[in-house]
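Enquirer:
Chains as they are written, first to last, in the working numbering: chain A, 349 to 671; chain B, -5 to 273; chain C, 497 to 819.
1. Measuring only between beta-carbons, confirm whether residue 364 of chain A sits less than 9 angstroms from chain C.
2. In angstroms with no decimal places, state the Cα-to-Cα distance between residue 498 of chain C and residue 392 of chain A.
3. Sort out for me which residues DSSP pairs residue 386 of chain A with in a bridge.
4. Do you know whose CA, among A:417, A:402, A:363, A:413, lies nearest residue 357 of chain A's CA?
5. Have a look at residue 409 of chain A and residue 461 of chain A and give me their C-alpha separation to the nearest angstrom.
6. According to a CB-to-CB cut-off of less than 9 angstroms, which residues of the stretch 149 to 174 of chain B neighbour chain D?
7. Considering only their Cβ atoms, is the gap separating residue 387 of chain A from residue 567 of chain A smaller than 9 angstroms?
8. State the start and end residues of the unbroken alpha helix (DSSP H) segment that holds residue 418 of chain A.
9. Starting from residue 149 of chain B and walking both ways along the alpha helix (DSSP H), at which residues does that stretch end?
10. Taking residue 587 of chain C as the query, report the chain B residues whose CB atoms sit under 8 angstroms from its CB, ordered along the chain.
11. Buried or exposed: which applies to residue 359 of chain A, given that a residue is buried once 16 or more other Cβ atoms fall within 10 Å of its Cβ?
12. Nearest to residue 549 of chain C by CA position, among C:790, C:729, C:559, C:768, is which residue?
13. Please confirm whether residue 763 of chain C has its beta-carbon closer than 9 angstroms to some beta-carbon of chain A.
14. Can you check DSSP and say which residues form a bridge with residue 727 of chain C?
15. Please classify residue 797 of chain C: is it buried, with 16 or more other beta-carbons within 10 angstroms of its beta-carbon, or exposed?
16. At a CB distance below 9 angstroms, what residues from the stretch 178 to 196 of chain B approach chain C? Give them in sequence order.
17. Classify residue 164 of chain B: buried if its beta carbon has 16 or more other beta carbons within 10 angstroms, exposed otherwise.
18. So residue 603 of chain C contacts chain B; which residues on that side make the cut at Cβ distance below 7 angstroms?
19. What's the gap between the Cα of residue 122 of chain B and the Cα of residue 580 of chain C?
20. Mind checking who residue 536 of chain A pairs with in its DSSP beta bridge?
21. Are residue 449 of chain A and residue 511 of chain A close, meaning C-beta to C-beta below 9 angstroms?
22. Does residue 457 of chain A come out as helix, strand or coil in the three-state DSSP assignment?
23. Throw me the rounded Cβ distance for the residue 537 of chain C and residue 502 of chain C pair, which I believe falls under 8 angstroms.
24. If distances are taken between C-alpha atoms only, which option among C:682, C:621, C:647, C:509 comes closest to residue 608 of chain C?
25. Is the CB of residue 619 of chain A under 9 angstroms away from at least one CB in chain C?
26. Could you please tell me which residues of the stretch 594 to 613 of chain A, in chain order, have their CB closer than 8 angstroms to any CB of chain C?
27. For the stretch 605 to 624 of chain C, enumerate the residues whose C-beta is nearer than 7 angstroms to any C-beta of chain B, in chain order.
28. With contact counted as at least three CB pairs below 8 angstroms, one residue from each stretch, are the stretch 706 to 724 of chain C and the stretch 532 to 546 of chain C in contact?
29. With H, G and I counted as helix, E and B as strand and the rest as coil, what does DSSP make of residue 651 of chain A?
30. What residues from the stretch 565 to 584 of chain A come within 7 angstroms of chain C, judged by C-beta to C-beta, listed N to C?
31. Just to confirm before moving on: does the CB-CB distance between residue 212 of chain B and residue 140 of chain B stay below 9 angstroms?
32. Under a CB-based cut-off of 9 angstroms, is residue 497 of chain C close to chain B?
33. Which chain B residues are close to residue 661 of chain C, counting only those with a beta carbon under 9 angstroms from its beta carbon?
34. Does any residue of chain A bring its CB to less than 9 angstroms from the CB of residue 528 of chain C?
35. Kindly list the residues whose CB is nearer than 7 angstroms to the CB of residue 782 of chain C, restricted to its own chain and excluding five residues on each side of it in sequence; keep chain order.
36. Using Cβ-Cβ distances below 9 angstroms, what residues of the stretch 742 to 757 of chain C are close to chain A?
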């Protein structure tokens, strides 16, 4: 039974730069169900991180602004909320973890202090209670001997541990949604496996939804139920994870899969995508991918339609790849 | 970031543009002014003493009857020269020492930087007095003194840049290609250390002018009858009550030039600083 | 069957760094970055070196090319002991062995036009006249897929993938025999990785190059390498031909590493060996076998005695008591 807890309609986020206005996110629609993991996949500059920042009102001011769209959560449009109201939601109902745990944690405070800070702010506990709760959270995320580690400083911990601390902070208030922006990209592969496993388990235990942002198709395949592929600020394809990997429809998605070196894959040259991701200041007319596309036609110079392959598989293309 | 982009940013920065205009103006005056100056800046005219600004003498005359306007014009050459030469005397050895200290480190670094510390402890005035006591008071010796005093500043800036650059991958890559120290220092480290030096040198010109003016004020710098602005200020001190214009105009000239250097230098720093550029 | 000669070999190579105490920190000790490594690289092959952070693979690469001197052990290039090279011999060696770096953004002098950048090795070694050098630069640009007029541009005018091509062009300038590629595609977008990997493959075939290819990305290594060596905490734990390694990894760490790699296929079966604990630090390696604290197969002997690299088959070597 699908229950939508986050509903984004037509979100457009722009940045003022010296060289003009950059539209980092261009009219995207997105829904997140209760209890599901949605993977948002794309390369640098596609707008996936900016989408996350827009949801939580974390865009760098004054350069960044939500120019249009609505973000419905819990019956309210987050775009219309004031800073104080959004702050109440951040870390409480919707929390976020980032790629670089070392720069996301304050180096001059202990780990325990930072976890407790999150707890005390939103759950109104006193010092003693919040410390006990913090120890419990650290244990929950798999930090060995949490009563001892709670007084460590971030630099005394490894990358994997720090990421667990970040997760503990993010989960300390039992949020409904956790946004994870490249949470394992900076981690070793064996640690990555641990963290992904942890996120999966916690999701079940706490009953939350996860929005996983990454460029790594392997990570997406591991833990997402649904996937959205972004390119140059737009969503180009959206489907259930099995369907996306079995029957990719957008030429970009198809080309991306073909260009991946895979363990156990065929020998010989990889099928690389020619050209480079266009600069957001200088996007091609119509479909942003058409100059690199193996199926490009003249009508691709007009914005392609958002069409249905199956009810749960949508693609933005004039002529999607045959299934 | 290309030179073109830096130039464009510079021109957009209004204070830098103002600074540039001022400096250009003074430069122009220094170059062709002396030819166009209405009066002889040196020959005394006892009949014309301490006359206020008038149609005949735009800035009035001083205690020896000399036209202040002409003297200020001639003095512009001297001030610009002070700025340039003092800064050069600071910059060249300072950069060289900073490069050596930062690149080779170890004991050479300690030796050089301790020596720099000693020099830093000297107030310019003291050093100038010292030098002029030995060599005699003159404008040249003042410039040398001011130049020497600021050597450690450049050394420190350069050393700091070098320490960072040394660790950069593109510098190590040259060593990996077989390049030697001279090449690395000359072609890769030095050019990338330039931006902070350029900014500091520009601001330093203003400082040098001020320092020389102060020394001139104390009688240690330019000797009469040279129309150096600081010396003119000193001469005008006695007449502040009755003939303020004698000190006011050279003082204003100093202010203008130093302000020009400062505005331009600040704008230059902003233009050259990649972190201040928006994405 | 082509019999390949060893182009580079090392015996019991060891590199330790001493940790200097800095200010108030009381840390002291020795970082055992590389410990007792012996291997042979054959001419014309791609020798893959994998491992996680702190395993010493980058350090090993640097010591193999004598970018740093070893603490103990010997390195032989084309049969000659590198340690015996005087300054002029070392300079000649630099013509034969070159490096491609991980970060294309900091590997190029931002103030040099790339024509000069690529020409620099020729200038350092005084090869050719000015005109000959210019011609060679144009040829190199063409070989890596760039245009001749790019020689007049500055690095910041190029994308990450293009900058990496410039780095490659510079590395090829002197016609080296051996190239150390240290994570050459890790900093690049997925769609660009394929382009650069293909380029590296083409260049190898065309110029008969030998690569030492360092990476933490197992799928990339599987695609390009002929043989694979796995490092853990400064030691080699397994060496073998690619196909056999990926089909049946022998060392427990190799098995965990391979099983941890995310697979871009949601339907694939996953036999996850999730390792407990963190990647330990090379300052205080565990006693006995350095992997024993995390090893699912450990026995008593693993606590006390360090295993050595033993031959399993003519082409496979493993360092483990349990094999």
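All C-beta atoms, glycine included, are put in the ideal place defined by N, C-alpha and C.
Expert: Looking at the atomic coordinates:
1. no
2. Because residue 498 of chain C carries a pLDDT of 49, less than 50, the predicted location of this residue cannot be relied on, and the following value inherits that uncertainty. Between residue 498 of chain C and residue 392 of chain A, the C-alpha separation is close to 43 angstroms.
3. A:559, A:574
4. A:417
5. 28 angstroms
6. Here the protein chains are A, B and C, and chain D is not one of them.
7. yes
8. Not the alpha helix (DSSP H): residue 418 of chain A falls in the beta strand (DSSP E), residues 412 to 421.
9. 145 to 160
10. 172
11. buried
12. C:729
13. yes
14. C:732
15. exposed
16. 181, 182, 185, 186, 188
17. buried
18. 163, 164, 167
19. 55 angstroms
20. The partner list for residue 536 of chain A (beta bridge, DSSP) is empty, contrary to what the question assumes.
21. yes
22. coil
23. 7 angstroms
24. C:647
25. yes
26. 594, 603, 604, 605, 607, 608, 609, 610, 611, 612, 613
27. 605, 607, 616, 617, 620, 621
28. yes
29. coil
30. 565, 566, 567, 569, 570
31. no
32. Summary for residue 497 of chain C: the model assigns pLDDT 42, below 50, so the residue's position carries little reliability, and this model does not support an answer.
33. Going along chain B, no residue has its Cβ under 9 angstroms from residue 661 of chain C, so there is no contact; the nearest lies around 15 angstroms.
34. no
35. 776, 788, 789
36. 742, 743, 749, 752, 753, 754, 755, 756, 757
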